[in-house]
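A quick write-up on the structure given underneath.
Chains as they are written, first to last, in the numbering used here: chain A, 1 to 239; chain B, 1001 to 1300.
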């Protein structure tokens, strides 16, 4: 099956188990949202998918091939674009350098400079606010600006799967709207496959086709968002 | 006034030497966090390069000490860089996040390299012939300034310029900064952190080699030549703020001046003690060193 398949993944930090056999499918072209309270293992799941953590058992495969033994940077080159939580930028590089450094990554065949500029322009069209901040150190961007830059950074690599970890966390409402529009646009216009982790239920349900709810390291509920009852999530998400 | 100017020049000269030996460490220790106890031996390796060029291949260079010395600068960089790269690939890459093991292992490597130098070049110190154009001196306002010291000041200025330009304009330099600032983020952005580490270590080690060539102008060299500089070099990098070139420069000249004046007013050993006390006191107030980057986030 094409897309991302997580099969019975178990992850532990030392002796503390965090994920107890999580399975998840993100078919090509879908937008899947994983929801859950704080500390249920959402970020751990994403870090495992990205290759930053090794599962004790279980497997992650992408477009039909297993990712076992594939390093984080190789997964990125295979088309896995990951936007972690928080200020996921290089703080002392400028906005421009943050984008440059991933576009000119080593081992990549030299492509026509115009084509790269085109990639960059396309991404910046999605985040016009960034164009005026190109020479500012990314550590000085606001939370919302940094989040936009982090998403842009993942997009300039031309990912086939975009993984977003709580893109609305700590962001002002007007920018949440912009981010929502951007995600919707990416999904609708170019059919990008997206895996979204979110605690903001309404936001997640508006965007996603399918959902999975994680609780205490297990998937406790899955389904189509069109058939989901928002009030049912209240209990699962309550702290 | 006269003595003040004299001490000022001595401080400047000491600062330039501190900076040149610490420059490489800003990469390997400051950026990668590797406590490389064998950094001094990379300086030593660089120091033996002009010696070998002058004594072993001197004939080919027509006995021209000056040419051999100049050729030693890039060759010293390559030799020490290659040595550092081998260390990084074979040993240090296996010791990520194990600082204590790294410290012990590199200390062992440092002893091995010192012994290797004694086996190859003999136990007694040797002299590198300074080029004739570096043996003169200038006098300005009554201050005697040996050409060799002025050369080291100029060399360190050129190196700082080259390294800054490399870091800010070259893709490799940008990658090094990215990996230093956020290793995981660099990895998930498709940067091979292992390859970047290797480049960083090569550059830091190579700079130690150039420092080695430079210190042959100050005195004779032997297997211990690098060990004499290593503590000072770590001191400069820590005071400057890890991995911050601007801080390292200020720290090197600041400590150079402090050393010069405190030695002049007291004695050599007391001057050194004053230096250490000043550094300890300073770190109580600024534990992160002179230059630490401000961000809006809590971390990073």
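Glycine included, C-beta positions come from ideal geometry on N, C-alpha and C.
Quantities reported herein were computed from a predicted structural model and do not represent experimental measurements.
N- and C-terminal bounds of the alpha helix (DSSP H) containing residue i
i               : result
residue 18(A)   : It is not in any alpha helix (DSSP H) - residue 18(A) instead sits in the beta strand (DSSP E) that spans 16 to 27.
residue 1091(B) : Taken as a continuous stretch (DSSP letters only), residue 1091(B) belongs to no alpha helix (DSSP H), as it is neither H nor E.
residue 1265(B) : 1245 to 1265
residue 1232(B) : 1227 to 1240
residue 229(A)  : That residue, residue 229(A), is in no alpha helix (DSSP H); it is neither H nor E in DSSP.
residue 1014(B) : 1002 to 1025
residue 186(A)  : 173 to 190
residue 1108(B) : 1099 to 1121
Euclidean distance between Cα positions of residue i and residue j
i               : j               : result
residue 1091(B) : residue 1101(B) : 10 Å
residue 1038(B) : residue 1030(B) : 15 Å
residue 20(A)   : residue 213(A)  : 14 Å
residue 1044(B) : residue 1225(B) : 6 Å
residue 39(A)   : residue 169(A)  : 15 Å
residue 1170(B) : residue 1160(B) : 15 Å
residue 1279(B) : residue 1291(B) : 15 Å
residue 60(A)   : residue 43(A)   : 15 Å
residue 1198(B) : residue 210(A)  : 43 Å
residue 1256(B) : residue 36(A)   : 57 Å
residue 1251(B) : residue 222(A)  : 58 Å
residue 1153(B) : residue 1016(B) : 5 Å
residue 46(A)   : residue 165(A)  : 8 Å
residue 48(A)   : residue 41(A)   : 10 Å
residue 1068(B) : residue 1086(B) : 26 Å
residue 1287(B) : residue 1206(B) : 29 Å
residue 240(A)  : residue 1283(B) : Outside the shown range of chain A, which is 1 to 239, sits residue 240(A), and nothing can be said about it.
residue 4(A)    : residue 65(A)   : 10 Å
residue 1148(B) : residue 1013(B) : 10 Å
residue 178(A)  : residue 1186(B) : 26 Å
residue 199(A)  : residue 237(A)  : 8 Å
residue 233(A)  : residue 163(A)  : 22 Å
residue 136(A)  : residue 142(A)  : 11 Å
Beta carbon proximity, residue i to chain B, threshold 8 Å
i              : result
residue 55(A)  : no
residue 233(A) : no
residue 84(A)  : yes
residue 91(A)  : yes
residue 129(A) : no
residue 153(A) : yes
residue 18(A)  : no
residue 52(A)  : yes
residue 177(A) : no
residue 166(A) : no
residue 68(A)  : no
residue 88(A)  : yes
Counterpart residues of residue i in DSSP-defined beta bridges
i               : result
residue 12(A)   : 17(A)
residue 1221(B) : 1126(B)
residue 1146(B) : 1137(B)
residue 70(A)   : In DSSP, residue 70(A) forms no bridge with anything.
residue 137(A)  : 94(A)
residue 58(A)   : According to DSSP, which records beta bridges pairwise, residue 58(A) is partnered with nothing at all.
residue 65(A)   : 62(A)
residue 35(A)   : 198(A), 213(A)
residue 3(A)    : 27(A)
CB contact flag (residue i, residue j, <8 Å)
i               : j               : result
residue 1188(B) : residue 52(A)   : yes
residue 191(A)  : residue 17(A)   : no
residue 134(A)  : residue 94(A)   : yes
residue 155(A)  : residue 33(A)   : no
residue 1081(B) : residue 1209(B) : yes
residue 1131(B) : residue 1066(B) : yes
residue 22(A)   : residue 9(A)    : yes
residue 1173(B) : residue 77(A)   : no
residue 127(A)  : residue 100(A)  : no
residue 50(A)   : residue 89(A)   : no
residue 186(A)  : residue 175(A)  : no
residue 173(A)  : residue 139(A)  : no
residue 79(A)   : residue 119(A)  : no
residue 1001(B) : residue 1200(B) : no
residue 1041(B) : residue 1143(B) : no
Below-8 Å beta-carbon distance, residue i vs any chain A residue
i               : result
residue 1171(B) : yes
residue 1094(B) : no
residue 1182(B) : yes
residue 1137(B) : no
residue 1175(B) : yes
residue 1165(B) : no
residue 1178(B) : yes
Start-to-end residues for the beta strand (DSSP E) that takes in residue i
i              : result
residue 200(A) : Residue 200(A) -> no beta strand (DSSP E), and no H or E assigned at all.
residue 94(A)  : First-last for residue 94(A): undefined, no H or E at that position.
residue 212(A) : 210 to 215
residue 223(A) : 218 to 224
field: Interface positions of the stretch 1184 to 1197 of chain B facing chain C (Cβ-Cβ less than 9 Å), listed along the chain
entry: Here the protein chains are A and B, and chain C is not one of them.
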